[in-house]
Structure formats: structure tokens, C-alpha cells
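Numbering (our numbering), first residue to last: 1340 to 1627. Think of the CB as a built atom: it goes at the ideal place given N, C-alpha and C, for glycine as much as any other residue. Some notes on the structure that comes next.
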């Protein structure tokens, strides 16, 4: 096969001009260097035997960054052209198929290179997914914020627990590889109560997007204050009076309000439960 000729200098043209009679015309042209020859890569995407039509074929550069992509035709064939010489990798994918193994290729200027790719069908990719966000609703403020670390339980139509997951920092969670059917989602988190249960339907491998809401449980969404009372010798003081004071500011004046009292046990320990948010201090004394 004869060598294919390559441009060295690009085609350039002059302005139009007229010649009359014996007129002399001088035309000078400056030819710029021809653009560097570009490479082409082509091939066929199959499942190992049968061509895969409408698959996405993507070309990545040497740093792994996407450079160019195309789709296969009815016969599974693809072509990517106009590519600078260099080292690349190729991958192909289609719904219901796993991403093909990366195929490395070094492309040479002006050269066409064949790279065939194999996508493996995966039945699990035809199953459904439930994706959601767990939030905390504040009816008084009218706000909704993501809840991290909430437990999400997935049950089937018979009430059988199939899976459990926990919401991420942004409240997101997901269940995948789900067969068609009706599912119930339950949420739980310490200090919160679920606003309601959530039902999701998967049909034909569909994706269901849901938002689950919780509200603060005023009964349990509280803190505790505990400690030990000792005398000046370091001995535990049993039966000692302990008061919990809340520090409040009224018209710019700070006040200490006694809100709860208790006594230490035989080990000198005390505990206040159900303490709501705020500023506090503890005072203790023992009388004869």
C-alpha cells in the first residue's frame, strides 16, 4: 500500500483580482504550517458474542479525564476521530450492562487504530432502586434539615425486613437490586419520631425517589446532668442536696432559677434527666 500523503503547509488563498490587457500582477502567499495530523480510533462493542447497539463509548486521556464520547450504531460499531496523538483509554457501557474493562491505547498522528470492547450484561442492573433523603421537620419554624445517622429499615409487602441502612451526612440513603414490588420504609433515630411510614413501588426496574421526615421527640430529645459530690477529704457525700439552676437573662440581667433538686446516693452520685437546651449550673450543700 502506498504511503498516505500528509500536508506540510496548509492551503492558503489570495484575494480576487482582475487582469486587463498586458497588466502584470504579483501574488505572494504565506503558507502556515499544516495542523498536526490527528488520530482515529474505531471498533465494535459486543457482549462477548452479540454486538451491543446504542452503547456509550468514552475516551479518557492519560490522566483519566474524559476527552470524547460517541454511541455505537445498530451493528455495535463506533468511531472517534480528530484525536491528538497520545496515550488514552476507552470504556463502554449501556443500561443493563457493566462498564467494560478499560482498554488502553496509544494513538499515533494520522493513524487509525481498532479497539474492540466487551460489555457484560448484568441482570442485577435491571432491578430497581429506592433513593431518598431523611429530614427533620420543624413545624413551628417551617424548616426542613437533613438528618444524619438515622436508621432506615426496608420491608417487603409481608412486613419482612429485607435491609437496613443509615442516612449520610446530607440525609441521603439508598437501597438497590430490588425486585418489582411494594416496599415499606421505616425511619428511627434517637431523640426523633417518624412523621409517617413511607411506601415505594418498584416496577420494571424503576427508580423511586422518596423523602422521609422526622420530628423532634420532646420527651427524649433532652440532655442529662450528673456527677459526684465529695467533701474536702475526697470522700463521697451521701444524701447531699443538689440543685440544678438554669441561667436566664431578663432585660439584660442574668438570673439563676432553681428548676430541679435531688440528693446524692450512697456513692455520692446524682443525676438530672430531661434537661432541655440552655445554660445551667449545679449547687450542692449538706445540713446536719
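Count Cβ pairs between the stretch 1564-1582 and the stretch 1542-1552 that sit closer than 8 Å; are there 3 or more? no
Which residues in the same chain as residue 1507 place their Cβ atom closer than 7 Å to its Cβ, once the five residues preceding and following it in sequence are excluded? Only 1487 meet the Cβ criterion.
Can you give the Cα-Cα distance for residue 1477 and residue 1598, rounded to whole angstroms? 26 Å
Identified DSSP bridge partners for residue 1622: 1582
Start and end residues, beta strand (DSSP E) containing residue 1520: DSSP places residue 1520 in the uninterrupted beta strand (DSSP E) bounded by 1520-1527.
If you measure between the beta carbons of residue 1432 and residue 1442, is that distance less than 8 Å? no
Less than 8 Å separating the beta-carbons of residue 1552 and residue 1534? Going by C-beta atoms, residue 1552 is nearer than 8 Å to residue 1534.
Within its chain, find whatever has a CB closer than 8 Å to the CB of residue 1562; leave out the 5 residues flanking it on each side and keep chain order. 1614, 1615, 1616.
Taking only the alpha-carbon atoms, compute the straight-line gap between residue 1444 and residue 1490 and give it to the nearest angstrom. 46 Å
Helix, strand or coil for residue 1445 per DSSP? strand
Tell me whether the beta-carbon of residue 1391 lies closer than 8 Å to the beta-carbon of residue 1411. yes
From which residue to which residue does the beta strand (DSSP E) around residue 1382 run? For residue 1382, the enclosing beta strand (DSSP E) covers residues 1378-1385.
CB-CB under 6 Å to residue 1548, same chain, minus the five flanking residues each way: which ones, in chain order? 1470
Among the residues of its own chain, which have a CB less than 6 Å from the CB of residue 1601, if the five just before and after it don't count? Beyond the five residues adjoining it in sequence on each side, residue 1601 comes within less than 6 Å, by CB distance, of 1581, 1609 in the same chain, given in chain order.
Excluding the 5 residues flanking residue 1509 on each side, which residues of the same chain have their C-beta closer than 6 Å to its C-beta? Contacts found: 1485.
Rounded to whole angstroms, what is the Cα-Cα separation between residue 1368 and residue 1353? 7 Å
May I ask you to list the residues that DSSP assigns as paired with residue 1436? Secondary-structure assignment with DSSP links residue 1436 through a beta bridge to 1460.
Would you kindly work out how many angstroms separate the C-alpha atoms of residue 1546 and residue 1505, rounded to a whole number? 19 Å
Note down the Cα distance separating residue 1423 from residue 1348, rounded to an integer number of angstroms. 18 Å
Assign residue 1465 to one of three DSSP states: helix, strand, or coil. helix
Could you tell me whether the Cβ atoms of residue 1378 and residue 1456 are closer together than 8 Å? no
Tell me, which residues are paired with residue 1569 by DSSP? Note: residue 1569 sits in a beta bridge opposite 1575.
Under a three-way DSSP split, which group does residue 1533 fall into? DSSP places residue 1533 in strand when its eight states are reduced to three.
May I ask you to report which of helix, strand or coil DSSP gives residue 1491? The DSSP-derived three-state label of residue 1491 is strand.
Nearest-angstrom beta carbon gap, residue 1437 and residue 1516 [assumed within contact, 8 Å]: Not really, about 14 Å apart at Cβ, beyond 8 Å.
Which of helix, strand or coil DSSP assigns to residue 1548: In this structure, residue 1548 counts as strand in the three-state DSSP scheme.
Cα-Cα separation, residue 1473 to residue 1450: Cα atoms of residue 1473 and residue 1450: separation of roughly 54 Å, rounded to the nearest angstrom.
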